[in-house]
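Protein chains in written order, with this note's numbering: chain A, 1 to 499; chain B, 1001 to 1276. What follows is a set of notes on a single structure, which appears directly below.
Structure (structure tokens):
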């Protein structure tokens, strides 16, 4: 259709070498454009233009749906499992070190916590889980060499860690000490082990999870933008096709003095229906992607990080009691972790330390109103995101449990610095109603419930997106063919008049 | 019919033109990824980290890390402009686009995260204490009770000893860390307490006479400052930092700048803060 009569004569003879005389004549007629001056020629030309537009519409719609499909695949089916696998790896590793700290802390007093045997069983179980999670994370890392290398480094480090722990446990058993009085030789080896875990292995596992978050953000932004651009293209090509159909209709009405061709009218109606439905579907897909990321994935990832950091902070309490020489360090990292989970301003002119943190936290949480927490950190983000909707009640309950965990921390440190280390250890290892372990478990269940609400929002959005896309697999092609068929049905009787 | 075709062609042209523009102005505008050159904010007065020489050139660990990261972002050393960004001006310098990135012993805090997007940390420093090598009886921060410590004007480090840890040390006001080092050597004060890498940089410069306790009591997460919201840039910085540790560059740079000071440093990749 875009062949222009001025340039075509120069190229047309060159491409056809010695054709039969009749064919040459036709080509010449075609190239000169005389055929356009005849009525059937014009109808055929219009039909060809309309076909091209319909093909473009189908192609544009297919591309937009493909982009949506890629986005749903990455966000819903690749990154989700990756976050779970790397998250399991982090928890397993973190809990291994926590169990070792507990064993060394309680010494021969088996009644504390879950006892030495209980902790050893859990250590073994976590080691097993860490191995499985590492294998899974390696598989999901695909061909990314940096990620593969990180997983490999974690596995290598885990081997060294277990050797150190083996030696520390052996010395610990030989010394058979009362709770909180592990020997200097035991502590020296445990320091190497926990440093290896906290400074090398855990950061790597954590960074792997963050990396999945980066993949999701990138994919979300590019795919959602592509779906929106695709939607604009669908509307524009659809409007062009519709305008073409209407113009042909008008032309036929003038030339043949007929009011309307039913085929063409139906084709126009079908085109309108397809464009409206496609617009709605692409809008819904963009919406599903946004819901999956904003209401689901972002919150799940942020809360998962809050949970990981809370677990390692809780283990820092054990280490604080276990190793008095390093108590300052463990107290400071506990504060840093608490601040990243929930940050409150200590007030003008007041220093940031645990004392001011307890006070400011108490003030912030006693007057807590969902959506207006006025604090920062992971729970601050969650409050702004979810304060009005998904997970609002679960958040309120979790914050209450968090306050209880910090209350225990305050009491524990007061006991320890006041000279009652045994009392502090009993509180920290307590599994009864007033024990720190039960309070922490309650808090952990709260975070878990909060994660579950967002995971449901995520699953719903992904299921919605998948359902929509399944229904639209053959729609673009089918719709274009149907409109084309209706159009030819409308044009055929008119062309037949010239035979 | 001619008019129709002409109109259709015009619409198609307009359509492709418009969408072309829309794609060009995509999400990456304003990001530090795909830049031809970069302006990077560093410190100008911290030996070992960011020190501006008489010839106007900057050198130190921060400068080397910044050069490596810029290289991974596709910007060679020749197209990097370093600028001095004092502590009080780092947020403004980023916001007003004086600099694209900040590598200037810039600790990540929850409050700063509301104004700045942080890549990294590229290193987790710890507050530690420097004493004269002959001084015995000071082995941890708690031993600073009753001792004269440096209270550098505008710095928060000494307050972390006296206010946060509630240790009754005696702060001696001084204008800057260089003056602290002179006072420490002459016996005017007993200890300097701040980030171990800063202390290590000064210790390496003075070359003996001082001792680093290696008794850390805080975590200072040195982040890479980016303009708020540049998440693509932040993720690219994190990938570059991962590579810097994996290929051994980080270990080499730490050794180059701090090995002689006696500070114990970590050569494994830190836990990233996450881009927000």
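Just so you know, even glycine gets a beta-carbon here, dropped at the ideal spot from N, CA and C.
Just tell me which of the options has its CA closest to the CA of residue i.
i: residue 1232 of chain B; options: B/1243, B/1275, B/1221 and B/1187; result: B/1275
i: residue 1198 of chain B; options: B/1077, B/1222, B/1084 and B/1032; result: B/1222
i: residue 1122 of chain B; options: B/1254, B/1166 and B/1143; result: B/1254
i: residue 92 of chain A; options: A/114, A/377, A/205 and A/82; result: A/205
i: residue 501 of chain A; options: A/283, A/424 and A/365; result: Lying before the first or after the last residue shown, residue 501 of chain A is absent from chain A, which here runs from 1 to 499.
i: residue 409 of chain A; options: A/437, A/395, A/391 and A/480; result: A/437
i: residue 1162 of chain B; options: B/1072, B/1035 and B/1194; result: B/1194
i: residue 1176 of chain B; options: B/1169, B/1156 and B/1035; result: B/1156
i: residue 138 of chain A; options: A/182, A/117, A/89 and A/109; result: A/89
i: residue 1040 of chain B; options: B/1071, B/1264 and B/1054; result: B/1071
i: residue 362 of chain A; options: A/38, A/342 and A/348; result: A/342
i: residue 417 of chain A; options: A/402, A/336, A/491 and A/327; result: A/327
i: residue 100 of chain A; options: A/79, A/87, A/126 and A/85; result: A/126
i: residue 1213 of chain B; options: B/1144, B/1271 and B/1102; result: B/1144
i: residue 1191 of chain B; options: B/1206, B/1094 and B/1210; result: B/1210
i: residue 1087 of chain B; options: B/1153, B/1064, B/1130 and B/1141; result: B/1153
i: residue 426 of chain A; options: A/123, A/109 and A/51; result: A/109
i: residue 319 of chain A; options: A/459, A/271, A/192 and A/360; result: A/192
i: residue 281 of chain A; options: A/497, A/68 and A/52; result: A/68
i: residue 223 of chain A; options: A/261, A/293 and A/197; result: A/293
i: residue 1247 of chain B; options: B/1068, B/1035, B/1118 and B/1178; result: B/1068
Flag this pair as yes or no: are the beta carbons of residue i and residue j separated by less than 9 Å?
i: residue 64 of chain A; j: residue 308 of chain A; result: no
i: residue 1171 of chain B; j: residue 1138 of chain B; result: no
i: residue 322 of chain A; j: residue 377 of chain A; result: no
i: residue 1081 of chain B; j: residue 1038 of chain B; result: yes
i: residue 1185 of chain B; j: residue 1112 of chain B; result: no
i: residue 96 of chain A; j: residue 165 of chain A; result: yes
i: residue 1105 of chain B; j: residue 1052 of chain B; result: no
i: residue 241 of chain A; j: residue 486 of chain A; result: no
i: residue 1196 of chain B; j: residue 1269 of chain B; result: no
i: residue 382 of chain A; j: residue 450 of chain A; result: yes
i: residue 1218 of chain B; j: residue 1127 of chain B; result: yes
i: residue 301 of chain A; j: residue 331 of chain A; result: no
i: residue 401 of chain A; j: residue 445 of chain A; result: yes
i: residue 1164 of chain B; j: residue 333 of chain A; result: no
i: residue 527 of chain A; j: residue 478 of chain A; result: Any property of residue 527 of chain A remains undetermined from this structure, which presents chain A solely from 1 to 499.
i: residue 490 of chain A; j: residue 265 of chain A; result: yes
Opposite residue i in the DSSP bridges: which residues?
i: residue 1039 of chain B; result: B/1081
i: residue 1194 of chain B; result: B/1128
i: residue 1151 of chain B; result: B/1173
i: residue 1212 of chain B; result: B/1130
i: residue 219 of chain A; result: Partner(s): none; residue 219 of chain A has no beta bridge.
i: residue 1220 of chain B; result: B/1125
i: residue 1058 of chain B; result: B/1052
i: residue 458 of chain A; result: Note: residue 458 of chain A sits in no beta bridge, so no partner.
i: residue 1226 of chain B; result: B/1117
i: residue 1101 of chain B; result: B/1040
Find the residues of chain A that neighbour residue i, judging by a C-beta separation of less than 8 Å, and give them in chain order.
i: residue 1141 of chain B; result: 328
i: residue 1219 of chain B; result: 332, 333 and 336
i: residue 1252 of chain B; result: The premise fails here: residue 1252 of chain B is roughly 18 Å from chain A at the closest Cβ pair, so nothing lies under 8 Å.
Counting only Cβ pairs nearer than 8 Å, list the residues of chain B close to residue i.
i: residue 149 of chain A; result: 1246
i: residue 372 of chain A; result: Correct list: empty, because the minimum Cβ distance to chain B is about 16 Å.
i: residue 206 of chain A; result: 1271 and 1272
i: residue 227 of chain A; result: Those within 8 Å of residue 227 of chain A in chain B number zero; the least Cβ separation is about 13 Å.
i: residue 343 of chain A; result: 1110 and 1111
Taking Cβ-Cβ distances shorter than 7 Å, what residues in chain B pair up with residue i?
i: residue 340 of chain A; result: 1110
i: residue 348 of chain A; result: Those do not exist, as residue 348 of chain A stays about 13 Å from chain B at its closest Cβ, beyond 7 Å.
i: residue 199 of chain A; result: 1266 and 1268
Chain A partners of residue i, CB-CB under 7 Å?
i: residue 1231 of chain B; result: 217
i: residue 1163 of chain B; result: 351
i: residue 1216 of chain B; result: 329
i: residue 1235 of chain B; result: 214
i: residue 1159 of chain B; result: 351
Whose Cβ in chain A lies nearer than 9 Å to the Cβ of residue i?
i: residue 1243 of chain B; result: 146
i: residue 958 of chain B; result: The structure shown does not extend to residue 958 of chain B, since chain B is modelled only from 1001 to 1276, so the question has no answer here.
i: residue 1114 of chain B; result: 376
Could you list which residues in chain C have their beta carbon closer than 8 Å to that of residue i, in chain order?
i: residue 203 of chain A; result: Absence of chain C from the displayed structure is noted, the protein chains being A and B.
Tell me the start and end of each unbroken alpha helix (DSSP H) in the region 257 to 321 of chain A that is at least 4 residues and wholly inside, in chain order. 262 to 290
Length-filtered (4 minimum) alpha helix (DSSP H) runs lying within the region 368 to 397 of chain A: 377 to 386
Taking only runs of the alpha helix (DSSP H) that begin and end inside the region 421 to 450 of chain A, which ones reach a length of at least 4 residues, in chain order? 421 to 428
Completely contained alpha helix (DSSP H) runs for the region 32 to 104 of chain A, where each covers 4 or more residues: Listed in chain order, the complete alpha helix (DSSP H) runs (minimum 4 residues) inside the region 32 to 104 of chain A are 39 to 72.
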